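Asks: Dropping the structure in here first, questions after.
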Amino acid sequence: MRLVDDDSDNPAPRAAMEAELMSLASSMNMAMASWLDTLTQYDRQEGWREWGCSSVSQWLSWRCGMSIATAHERVRVAYALGSVPNIRAEFAAGRLSYSKVRALTRVANPYNEANLLSMALSATGAQLDRICAGVGRSDPSKDDPGLALAKRTVRRRDHNDGTTTLSIVMISDSADRVMDRCSRRPDRRPRHGRRRQRRFHQPSGSDCSLWRYRRNALRGFG
98 MRLVDDDSDN PAPRAAMEAE LMSLASSMNM AMASWLDTLT QYDRQEGWRE
148 WGCSSVSQWL SWRCGMSIAT AHERVRVAYA LGSVPNIRAE FAAGRLSYSK
198 VRALTRVANP YNEANLLSMA LSATGAQLDR ICAGVGRSDP SKDDPGLALA
248 KRTVRRRDHN DGTTTLSIVM ISDSADRVMD RCSRRPDRRP RHGRRRQRRF
298 HQPSGSDCSL WRYRRNALRG FG
């Protein structure tokens, strides 16, 4: 059926297009919910290892054409849905869009799921974004040590260039201590006795410039 009509005096095709768009959107929601369920199962089985990938996100980038950032977000949402079964059920029924689910899973937990879901079903996508942003700013985990501890996670991503990215969710006080340690300069002074003198053989010729760069770099850590 052709739904496009350039005649502005005939509103019927537009109503048909609206119905078609809403119906397809609901089908897309259900399909995405099923896709995310399959994604978590595939990741738990680590099927991506058979393809030589370092993570399911890397596999999604390769086999499903996603950017790494998009793949990471899909994985996050997929796993987060496991802790909010009512939101997951509404998503699977097509009544919640992926955009709404993505916003909800950033702040939803067993304590606030029912209230957030009630608002999500009647709010627009933009309204829900603002609601979830407000919930995030007043996160109850700041006053609930048990909930904060339950949110702790560590994720590791190995990259092809030999580097590794660690994504850590921890209590703010612990994060402050970690950042303090990371920001300190290495202490080159031995625990006992005088500072050991670094001795280098003075090179000559074309190696002089390289030697000077090394010497100046080490002075910066002295």
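For this note's numbering, count along the sequence shown from 1 and bump the result up by 97.
Built from N, CA and C at the ideal position, the CB exists for glycine as well.
Treat the numbers as computed from the prediction; the structure is a model and nothing was measured.
(1) Can you tell which of Tyr208, Pro207, Asn209, Phe188 has its C-alpha closest to the C-alpha of Arg199?
(2) If you draw a straight line from the alpha carbon of Arg192 to that of Met129, how long is it in whole angstroms?
(3) As an exercise, report each continuous alpha helix (DSSP H) stretch of at least 4 residues that is fully enclosed by the segment 171 to 259, in chain order.
(4) Kindly indicate which three-state DSSP category Ser264 falls into: helix, strand or coil?
(5) If I'm right that Val172 touches Ser154 with Cβ under 8 angstroms, what's the distance once you round it to whole angstroms?
(6) How would you label Cys229, buried or exposed, when you count the other beta carbons within 10 angstroms and need 16 or more for buried?
(7) Three Cβ pairs or more, each shorter than 8 angstroms: is that satisfied between the segment 251 to 269 and the segment 219 to 227?
(8) Are the beta-carbon atoms of Ser164 and Asp255 separated by less than 8 angstroms?
(9) Run through DSSP, which three-state label would Met114 get?
(10) Under 8 angstroms, do Met196 and Ala122 count as touching if we go by C-beta distance?
(11) Buried or exposed for Phe297, please, with buried defined as at least 16 other CB atoms from any protein chain shown within 10 angstroms of its CB.
(12) The alpha helix (DSSP H) that contains Trp159, what's its start and end?
(13) Rounded to the nearest angstrom, what separates Leu263 and Ala217 at their Cα positions?
(14) Rounded to whole angstroms, what's the CA-CA distance from Asp140 to Ser235? Just pull it up for me.
(15) Who are the near neighbours of Asn126 in its chain, counting only those whose CB is closer than 7 angstroms to its CB and skipping five residues on each side?
(16) Classify Trp145 as buried or exposed, calling it buried when 16 or more other Cβ atoms lie within 10 Å of its own Cβ.
(17) Buried or exposed for Ala205, please, with buried defined as at least 16 other CB atoms from any protein chain shown within 10 angstroms of its CB.
(18) Give me the Cα-Cα distance between Met114 and Arg227, rounded to the nearest whole angstrom.
(19) Tell me whether Ala177 is buried or exposed, calling it buried when 16 or more other Cβ atoms sit within 10 Å of its Cβ.
(20) Let me know if Arg111 comes out buried or exposed under the rule of 16 or more other beta-carbons within 10 Å of its beta-carbon.
(21) Do you know how far the Cα of Cys279 is from the Cα of Thr202?
(22) For Met127, which three-state DSSP category applies?
Replies: In short:
(1) Phe188
(2) 12 angstroms
(3) 182 to 189, 195 to 204, 210 to 219, 222 to 234, 242 to 247
(4) strand
(5) 6 angstroms
(6) buried
(7) no
(8) no
(9) helix
(10) Correcting the residue identity first, residue 196 is Ser in this sequence and not Met. The answer is no: Cβ separation not under 8 angstroms.
(11) Note that Phe297 scores a pLDDT of 48, beneath 50, so its modelled location is shaky and nothing firm can be said.
(12) 153 to 160
(13) 32 angstroms
(14) 32 angstroms
(15) Phe188, Gly191, Leu193, Ser194, Tyr195
(16) buried
(17) buried
(18) 29 angstroms
(19) buried
(20) exposed
(21) 30 angstroms
(22) helix
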